[in-house]
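Residue numbers (my numbering), protein chains in the order written: chain A, 1 to 279; chain B, 1001 to 1325.
Written out as C-alpha cells, the structure reads:
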C-alpha cells in the first residue's frame, strides 16, 4: 500500500444524496449483469441453442399430426413460434436471477444492501439487466420469423417487443423472489424445473386450451397471456387466429398486472434477510 | 458535529431463541481505532451487522455521528464505509469496474468518480492492476480493492469485519499502517472486529465480547495493567488439588482454567521459588509472564479465549429470516 501517497488525501467531503442516484444504481446493477453475461459466452450459447433445437424438432415432429380446433389452418411451426419466443425468454430471464444466489454467496450482495440504494433501484437494476440479456436471445430468434413468412408489420413487431419486454420483467421478477430466499444454485435449479415447465407447457405455447381442468389451469397461468399477446401481435395483419388465445386487451391487462405485482413483491422481499446474508 | 462517532445503548439481539448480544452499551470517539475482540460466537459480527445496517435492531439503539441507524439509515449508509469479512468485490469485473460500480451506488459519477477512483488506486498501490479481473488477483490484493471501494465515498466511519482474514503478516502490517494514516490525516474513525489477540494490541481502545456480553472496555495497556503484576500458570496432573493447596497454605486466589492453575501476583518470580518445593512432583511446568490480553480475557470470563470454538454467530440458530422495519 502506498502509504506515502495517502498524505495527500483530500479532506473529507460531505456525501450528499444526489438527484437520480437511484437510477444511477439501476444502471450500474443492470450494466454489471450484462458484463457478467457477455464474459461468460457459454451462457449465450445455452440460452439460444436449447430453444432452437426444441423448435426445430417439435415443429418437424408435429407437422403432420397437428391440427387446430375449428378448421385450423395454421401450421404447427407458426403456431409454435411465439411459444418458443416465450420459452427463450422464460428460461433466459429466470436463470439470470441465479446471479442473486451467486452474489450472495460471493459476498457481493451485502455491499449493495448496506449502500444508500433504495429497494426499488436494487430490484429494477437486477430485473432490467436480466431482461436485457433475455431479450437479446429472444429478438435474434424473432428475426427467424422472416423465414416463416410472418408479416406482422411495424406495430405488430413493436407490440411483440413490448410484450416480450414486460414478460421478461415479470419473469426475472419471479426468479428474483424465488432466488432471494435460496442459498444454493442446485436448490434453485430443482425448484425452477418444477415451476418453469408447467408455466411454459400450460401457456398455450404447445397446444390451445383443451376443455376441462387443463383449460382452467391455462386460464390462470399468466404466461398464457404472454404467449397469446405475442401470437396475436405477430399475426396482427391478418392470418389464422383460431388458436384459442385470449383477447388482446386481456393479454395486455394480465401481462401489465403480472409485471407490476412481481416488482412490488420483489421490493417487499428485499427487506428480508436470509440465512445467506448472515453467514 | 458530535465528537462521538458511535453510540451503542443497551443493544440486545436474538437469533431465534439464542441471545447473541446481551445489553451492550459503549461509545466510540471520533478518530479512534476501536476494536471488538472476542472468540467466535462472542457476538462481534452481530454487532458489526447492526452497525452497518445490514440487519435491523431488535432492542436498544445505535447512533453513528449522531444519527440513529434505525430511523436515519440512509444518512448513516452515506457516511460509513464497510469492509466485509468475505470480500464483496465482483470477480468477473475488473478492479476499475468494481470501483465504478461502487461509485454509482453512492451517487458518484463523471469526473468526480474518476478522480476518486484514481486516488483510491494510487493510495492502495493498485494502478497497474486496474484492468485485471478481480478473480485473477491474490487474496491480499482483493482485500485492497475492497478497502479502496469502501473509502471511495470518503466515509467518516470505517467498519471492518475481520479485515485481516486471509492476509499474510506483511499485508496485515500494511493495512494497519494505512488505517493509522487515515485516522491521523482525516480523523477517520475505524471500528473493526477481530479474533486475533495480537491484532488487538494495535487498537486505541478495545471492547472484549464474550457470549454476547461486554466483558472489558479500555485501551490494551490499561486492561493489562488492571491485572496485578505477573501471571503464574501451573500445569499439573491434579489442578483442583493444587489450587486448594495454594489457597490454604499460601492464602492465594488461584483459578482453574482449562486444566491449568492460574494466579496473579505482584512478584511472580519470588512466589514461584516458594511454590516449587511445596507443590511436589505432580507439577509438569510453571510459567511466569507479564499479563497479555488473553489473561485479561481469562480473568473476565473464567475461560480461555480459544475454549469456545463452536461457531454460533451465524445462521445455524437463525429463524428463517428477519424483517426490516
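Using N, Cα and C, we set each Cβ at its ideal position, and we do this for glycine too.
Computed from a predicted structure; not experimentally measured.
Q) Along chain A, in chain order, which residues have C-beta atoms closer than 8 Å to that of residue 1077(B)? A) 114, 115 and 116
Q.
Let's test the definition: count the other Cβ atoms within 10 Å of the Cβ of residue 1102(B) and tell me whether it reaches 16, buried, or not, exposed.
A. buried
**Q.** Contact with chain A by residue 1066(B), beta-carbon distance below 9 Å
**A.** no
Q. With respect to the beta strand (DSSP E) encompassing residue 1060(B), which residues constitute its N-terminal and C-terminal limits?
A. 1059 to 1064
Q | Rounded separation between residue 1091(B) and residue 1135(B) - CA only | A | 4 Å
Q. Where DSSP assigns a beta bridge to residue 1007(B), which residues make up the other side?
A. 1027(B) and 1063(B)
**Q.** Minimum C-alpha distance to residue 1200(B) - residue among 1038(B), 1109(B) and 1014(B)
**A.** 1038(B)
Q | Three-state class that DSSP yields for residue 1236(B) in the structure shown | A | strand
Q | Residue range of the beta strand (DSSP E) that includes residue 182(A) | A | Residue 182(A) -> no beta strand (DSSP E), and no H or E assigned at all.
**Q.** Pairwise C-alpha distance: residue 1096(B) and residue 30(A)
**A.** 17 Å
Q) Under the criterion of a Cβ to heavy atom distance below 8 Å, does residue 1209(B) qualify as lining the ligand GDP? A) With respect to small molecules bound, the structure shown includes none, and the ligand GDP cannot be examined in it.
Q. From the DSSP output, which residues share a beta bridge with residue 1205(B)?
A. 1034(B)
**Q.** Inter-residue Cα distance where the pair is residue 1159(B) and residue 1048(B)
**A.** 7 Å
Q) Name the chain A residues that come within less than 8 Å of residue 1048(B), Cβ to Cβ? A) Near residue 1048(B) there are no residues of chain A at all, since even the closest Cβ is about 11 Å away, more than 8 Å.
Q: Select from 1080(B), 1151(B), 1040(B) and 1031(B) the residue whose C-alpha is nearest the C-alpha of residue 1050(B).
A: 1080(B)
Q) What do you get for residue 1127(B), buried or exposed, if any count of 16 or more other CB atoms within 10 angstroms of its CB means buried? A) exposed
Q.
Measuring alpha carbon to alpha carbon, tell me which residue in 1028(B), 1044(B) and 1072(B) is nearest residue 1013(B).
A. 1044(B)
Q: Closer than 9 Å by beta-carbon distance: list the chain A residues that pair up with residue 1082(B), in chain order.
A: 110, 111, 114 and 115
(Q) Check this for me: beta carbons of residue 1218(B) and residue 1289(B), under 9 Å apart or not? (A) no
**Q.** Beta-carbon contacts of residue 1312(B) that lie in its chain and below 6 Å, excluding the five residues immediately before and after
**A.** With a pLDDT of only 34 at residue 1312(B), under the threshold of 50, the placement of this residue in the model should not be trusted; the figure read from the coordinates follows. So the list reads 1041, once near-sequence residues are dropped.
(Q) So, under 8 Å CB-CB, residue 86(A) and residue 257(A) are touching, yes? Tell me the CB distance rounded to an integer number of Å. (A) About 17 Å; that fails the 8 Å criterion.
**Q.** Neighbour-count burial assignment, residue 1149(B), 16 or more Cβ in a 10 Å radius
**A.** buried
Q. Leaving out the 5 sequence neighbours to the left and right, which residues in its chain are closer than 6 Å to residue 140(A) when beta-carbon positions are compared?
A. none
**Q.** Pairwise C-alpha distance: residue 125(A) and residue 28(A)
**A.** 7 Å
Q. Out of curiosity, what's the CA-to-CA distance linking residue 1026(B) and residue 1206(B)?
A. 11 Å
Q: Would you mind listing the alpha helix (DSSP H) stretches within the region 109 to 163 of chain A that are 4+ residues and don't spill past its ends, in chain order?
A: 119 to 143
Q | Proximity test, Cβ basis, 9 Å: residue 27(A) and chain B | A | yes
Q: Hey, could you find the ends of the beta strand (DSSP E) residue 1265(B) is sitting in?
A: 1260 to 1265
Q: Count the CB pairs spanning the region 1066 to 1073 of chain B and the region 1242 to 1257 of chain B that are closer than 8 Å, and state whether there are at least three.
A: no
Q) Between which two residues does the alpha helix (DSSP H) containing residue 232(A) stretch? A) 222 to 234
**Q.** Beta-carbon neighbours of residue 104(A), restricted to chain B and to distances below 8 Å
**A.** Going along chain B, no residue has its Cβ under 8 Å from residue 104(A), so there is no contact; the nearest lies around 10 Å.
Q.
Quick check on this structure: which residue in 234(A), 60(A), 55(A) and 250(A) has the alpha carbon closest to the alpha carbon of residue 155(A)?
A. 234(A)
Q) Where does residue 1213(B) sit, in a helix, a strand or coil, going by DSSP? A) strand
(Q) For residue 168(A), which residues in the same chain have their Cβ closer than 7 Å to its Cβ, ignoring the five residues on either side in sequence? (A) 89, 93, 131, 134 and 135
Q) Is DSSP giving residue 1164(B) helix, strand or coil here? A) coil
Q) Within the chosen definition, does the region 1105 to 1115 of chain B reach the region 1179 to 1187 of chain B through at least 3 CB pairs nearer than 8 Å? A) no
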